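Q: Shown below is the structure under consideration.
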Amino acid sequence: QHISQIAQQVCIFAGRPLPPEATYSEVRVTLPEDSPLRQEWFVIALTEHFSILLAGLDRLAPVEHEALRRFETLWTFDEGVISAVLSDLLELVRQQRPDKAAQVEEAVRRFPPRPPDAHYASLIVQKFLGHLEQQHLIAHRAIFQLDSLVEARTRQRDTAQQTLARVLQQLSSAVIVLNAQGEVVLSNDIGQFLLQGSWDRQGAYLPVLKAALAECAQQATIYQRDLILGDLSFVLSSSSLEAEDGERLTVVVLHDLSHLHLFDQTRQALLETLSHQLRTPLTALNNAIYLIERDPTRSSEYLSTLRASVHRLTTLVNNLLQIAETQLFNTSFLPIYVHEVLEHFMTHLGAQLWSACVRLENWLNQRLIVQLDLKRLIFCLLDVLDCMQARLPEGERILVRIEALSMAEDSPWLVIRFIDSGAALPTQELTSEALRRLSEPTHAFSAETQCALRLSMARRIIEQFGGLLSVENAPNRAQVSFHLPAKRG
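With the numbering used here, you'll find the sequence shown wraps up at 1282, consecutive numbering, no jumps.
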């Protein structure tokens, strides 16, 4: 259209039916189906100062996109070559558009092919070379940016893989990742141990495990079931996700409940014994209070102390009985938004009158979904919070920080941190040692042992959700971190 506005005569050739001419100076010629010109593109310009031909012959190589087609190109000022091409084109105009043949022939006679003026020839060559140089620079910049992007993505992938591998190895649950064909593409050490089958001496349970994994690979939604493999008891959870290359993967987590049975039996016996032993001094204290109240002049100064002791013992018994009623095995893992978890948590903090002792920082900037038992998680958080508050200096507050940790692009983790300035908390090694001493007949149920027991219970519950609980101690600082797998929602 632009050329037709400045040229005295324009003749257009194309392989598809063309619309009628818009102006008198336009002549449109539709090429026949068998015309060899349909395999090339060309531009011929005839002026009073120079003539030029720019043409390209299609290599006819198969390509995925039209923009990727390649041509053998030619551009020339040679009037002999241009005259030969014009002769063929004029013959085509006479055959296809006899009504316009005289008009086109007259235009060619007015502007016959001629050798170029040196000024125009050098100017056109300079323009061509400048364009090629510009395209080369654009391609060079694009390649440089692509190399930088590939390098950055490679570093991100390597970092994510290292972080993911480190987190997987820290988990006490088996994690196995399957592709769409049910083949194992990734697993942590516990998952590899189960897949090797050295634990299955009879060879009867490894096929059951593989069949369960194959069943998980066929599920398109969140899937959960119990899995019994001889003496081993698991809760199997799986969910599907899409990798960066579009491949569908299935993440399977096997929560080992075998050790929890013995732990639950020990805990139940311990709590029942403590509860019944505490009822006896409670009765004695109540009787003593009754006798003192009958004769207040004798020991009125001890009434407040006795009542505080009774209140403390009653609270302790109720807490122990509440722990004893907690079931570890009737699990109900349901998807829930993190903001709903925080709302329930803050509601319970207000009911426990702990709001003044807690400062909440929410660093989340995205909507996350976790799959867990909400009631059990809230109980776990409050129990650990109570354990930390009991050893906190007066006037100090516990910082509760909520944040997201990205291990991979589509695999974030919800992190809940409890941070305070109290005394050091029992680590996992100290917790195991405290629980071992607890089985000794002469061991006293100290505050340290009670804290170790509560942290151990919390760790077991978080691991059931596929997460991780860690304890970090530093000078004048203690931190408990809950890591829970999540999805963006």
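The beta-carbon is built from N, C-alpha and C at its ideal position, and this holds for glycine as well. Because the structure is a prediction, the values reported are computed rather than measured.
Identify whether Ser818 lies in helix, strand or coil by the three-state DSSP scheme.
A: Taking the first residue of the sequence shown as 1, we reach residue 818 at position 25. Looking at Ser818 - three-state DSSP - the assignment turns out to be coil, as it is neither helix nor strand.
Q: For the pair the region 887 to 895 and the region 854 to 873, tell me if three or more CB-CB distances fall below 8 Å.
A: Judged by Cβ distances under 8 Å, the region 887 to 895 makes no contact with the region 854 to 873, as fewer than three pairs qualify.
Q: So, do the region 1149 to 1160 and the region 1023 to 1033 have three or more beta carbon pairs nearer to each other than 8 Å?
A: Contact between the region 1149 to 1160 and the region 1023 to 1033 is absent, because fewer than three Cβ pairs lie under 8 Å.
Q: Is there contact here, the region 1035 to 1048 with the region 1249 to 1268, by at least three beta-carbon pairs under 8 Å?
A: Short answer: they touch.
Q: Take Gln1012 and list the residues in its own chain whose beta-carbon comes closer than 8 Å to its own, dropping the five residues that flank it on each side.
A: Start at 1 with the first residue of the sequence shown, and residue 1012 comes out as number 219. If we look at Gln1012 and ignore the five residues flanking it on each side, its Cβ neighbours are Ser1031, Ser1033, Thr1043.
Q: How is Cys1244 classed by DSSP in three states: helix, strand or coil?
A: Looking up residue 1244 in the sequence shown gives position 451. If DSSP states are grouped into helix, strand and coil, Cys1244 belongs with the helices.
Q: Are Leu1167 and Val1134 closer than 8 Å when you measure CB to CB?
A: On the sequence shown, residue 1167 is found 374 positions in, with the first residue counted as 1. On the sequence shown, residue 1134 is found 341 positions in, with the first residue counted as 1. Their beta carbons are under 8 Å apart, which means Leu1167 touches Val1134 by this criterion.
Q: Roughly how many angstroms lie between the CA atoms of Glu899 and Arg887, to the nearest whole one?
A: Start at 1 with the first residue of the sequence shown, and residue 899 comes out as number 106. Start at 1 with the first residue of the sequence shown, and residue 887 comes out as number 94. The alpha-carbon atoms of Glu899 and Arg887 are separated by roughly 13 Å.
Q: Applying the criterion that 16 or more other CB atoms from any shown protein chain within 10 Å of the CB defines a buried residue, is Arg1281 buried or exposed?
A: Within the sequence shown, residue 1281 is the residue found at index 488, counting from 1. With fewer than 16 Cβ atoms within 10 Å of its Cβ, Arg1281 is classed as exposed.
Q: Measure the Cβ-Cβ separation of His1137 and Ile1191 and say whether it is below 8 Å.
A: Counting from one through the sequence shown, the residue named residue 1137 turns up at place 344. Counting from one through the sequence shown, the residue named residue 1191 turns up at place 398. Contact flag unset, no.
Q: Do you know offhand how far Ala1245's Cα is from Gln995's?
A: Counting from one through the sequence shown, the residue named residue 1245 turns up at place 452. Counting from one through the sequence shown, the residue named residue 995 turns up at place 202. One C-alpha to the other measures close to 38 Å.
Q: Please classify Trp1206 as buried or exposed, where buried requires at least 16 other C-beta atoms within 10 Å of its C-beta.
A: Within the sequence shown, residue 1206 is the residue found at index 413, counting from 1. Label assigned to Trp1206: buried.
Q: For His1132, which residues in the same chain have their Cβ closer than 7 Å to its Cβ, ignoring the five residues on either side in sequence?
A: Taking the sequence shown and counting its residues from 1, one reaches residue 1132 at position 339. None.
Q: Of all the options Ile936, Arg1253, Leu847, Ala807, which has the alpha carbon lying nearest to the alpha carbon of Phe921?
A: For this step, residue 921 is matched to residue 128 along the sequence shown. When each option's Cα is compared against that of Phe921, the closest is Leu847.
Q: Run through DSSP, which three-state label would Ala894 get?
A: Counting from 1 along the sequence shown, the entry for residue 894 is found at position 101. If DSSP states are grouped into helix, strand and coil, Ala894 belongs with the helices.
Q: Output the residue ranges of the alpha helix (DSSP H) runs that lie fully inside the region 888 to 932 and measure 4 residues or longer, sorted by chain position.
A: Fully enclosed alpha helix (DSSP H) runs of 4 or longer: 891 to 903.
Q: Where does the unbroken alpha helix (DSSP H) through Phe1258 begin, and where does it stop?
A: Taking the first residue of the sequence shown as position 1, residue 1258 is located at position 465. No alpha helix (DSSP H) holds Phe1258; DSSP gives it neither H nor E.
Q: Look up Gly849 in the DSSP assignment and give the residues it is bridged to.
A: The sequence position of residue 849 within the sequence shown is 56, counting from 1. DSSP lists Trp834, Thr866 as partners of Gly849.
Q: Among Glu826, Val943, Gln801, Arg809, whose alpha-carbon lies nearest the alpha-carbon of Tyr817?
A: Numbered from its first residue, the sequence shown carries residue 817 at position 24. Selected option, being the one with the closest Cα: Gln801.
Q: On the DSSP letters alone, give me the boundaries of the beta strand (DSSP E) that Cys804 sits inside.
A: Looking up residue 804 in the sequence shown gives position 11. That run of the beta strand (DSSP E) goes 803 to 807.
Q: Would you tell me roughly how many angstroms separate the C-alpha atoms of Cys1173 and Asn1266, rounded to the nearest one?
A: Locating residue 1173 in the sequence shown gives position 380, where the first residue counts as 1. Locating residue 1266 in the sequence shown gives position 473, where the first residue counts as 1. The alpha-carbon atoms of Cys1173 and Asn1266 are separated by roughly 20 Å.
Q: Rounded to whole angstroms, what is the Cα-Cα separation between His1236 and Gln1243?
A: Along the sequence shown, one-based indexing puts residue 1236 at 443. Along the sequence shown, one-based indexing puts residue 1243 at 450. Low local confidence applies: a pLDDT of 46 at His1236 is under 50, so the model's placement there is unreliable, and no value is given.
Q: With DSSP collapsed to three states, give me the class of Tyr998.
A: Residue 998 sits at position 205 when you count from the first residue of the sequence shown. Coil, per DSSP.
Q: Strictly under 8 Å for the Cβ-Cβ distance: is Leu1161 near chain C by that measure?
A: Included in the structure is just one protein chain, with no chain C present.
Q: Output the distance between the C-alpha atoms of Val1208 and Glu1008, rounded to the nearest integer angstrom.
A: As a first step, residue 1208 is located in the sequence shown; it is residue number 415 there, counting from the start. As a first step, residue 1008 is located in the sequence shown; it is residue number 215 there, counting from the start. Val1208 and Glu1008: Cα-Cα distance of roughly 31 Å.
Q: Going by C-alpha distance, which of Glu819, Ser844, Leu885 is nearest Glu826?
A: Position 33 of the sequence shown, counting from 1, holds the residue named residue 826. The residue with the shortest Cα to Cα distance from Glu826 is Leu885.
Q: Just list the residues that DSSP pairs Thr1043 with in beta bridges.
A: Counted from its first residue, the sequence shown places residue 1043 at position 250. Leu971, Ser1033.
Q: Could you tell me the alpha carbon to alpha carbon distance between Leu1261 and Gln1164, rounded to whole angstroms?
A: Reading the sequence shown from its first residue, position 468 is the one you call residue 1261. Reading the sequence shown from its first residue, position 371 is the one you call residue 1164. Going by the C-alpha atoms only, they are around 14 Å apart.
Q: When burial is assigned at 16 or more other CB atoms within 10 Å of the CB, is Gly873 buried or exposed?
A: Reading the sequence shown from its first residue, position 80 is the one you call residue 873. Under this definition Gly873 is an exposed residue.
Q: So, are the CB atoms of Pro909 and Phe843 less than 8 Å apart?
A: The sequence position of residue 909 within the sequence shown is 116, counting from 1. The sequence position of residue 843 within the sequence shown is 50, counting from 1. Yes.
Q: Exposed or buried, which one is Ala877 when buried takes at least 16 other CB atoms within 10 Å?
A: Residue mapping note: residue 877 aligns to position 84 of the sequence shown, counting from 1. Exposed, because fewer than 16 other Cβ atoms sit within 10 Å of the Cβ of Ala877.
Q: Return yes when the Cβ of Phe835 is within less than 8 Å of the Cβ of Leu824, no when it is not.
A: Numbered from its first residue, the sequence shown carries residue 824 at position 31. Numbered from its first residue, the sequence shown carries residue 835 at position 42. For Leu824 and Phe835, no; Cβs fall outside 8 Å.
Q: Please state whether DSSP places His1048 in a helix, a strand or coil.
A: Here residue 1048 corresponds to residue number 255 of the sequence shown, with the count starting at 1. Note: His1048 maps to strand in three-state DSSP.
Q: Suppose the cutoff is 6 Å on Cβ atoms and the five residues either side in sequence are ignored; what does the same chain contact list for Asn1269 look like?
A: Taking the sequence shown and counting its residues from 1, one reaches residue 1269 at position 476. Within the same chain, Asn1269 has close Cβ partners Ser1214.
Q: Can you give the Cα-Cα distance for Asp993 and Glu1037, rounded to whole angstroms?
A: Counted from its first residue, the sequence shown places residue 993 at position 200. Counted from its first residue, the sequence shown places residue 1037 at position 244. C-alpha separation (whole angstroms): 36 Å.
Q: Please check the pair Val1273 and Met1181, which I expect to be a contact at CB under 8 Å, by giving their CB distance rounded to whole angstroms.
A: By one-based count along the sequence shown, residue 1273 stands at place 480. By one-based count along the sequence shown, residue 1181 stands at place 388. The pair is a contact, with the Cβ atoms about 7 Å apart (cut-off 8 Å).
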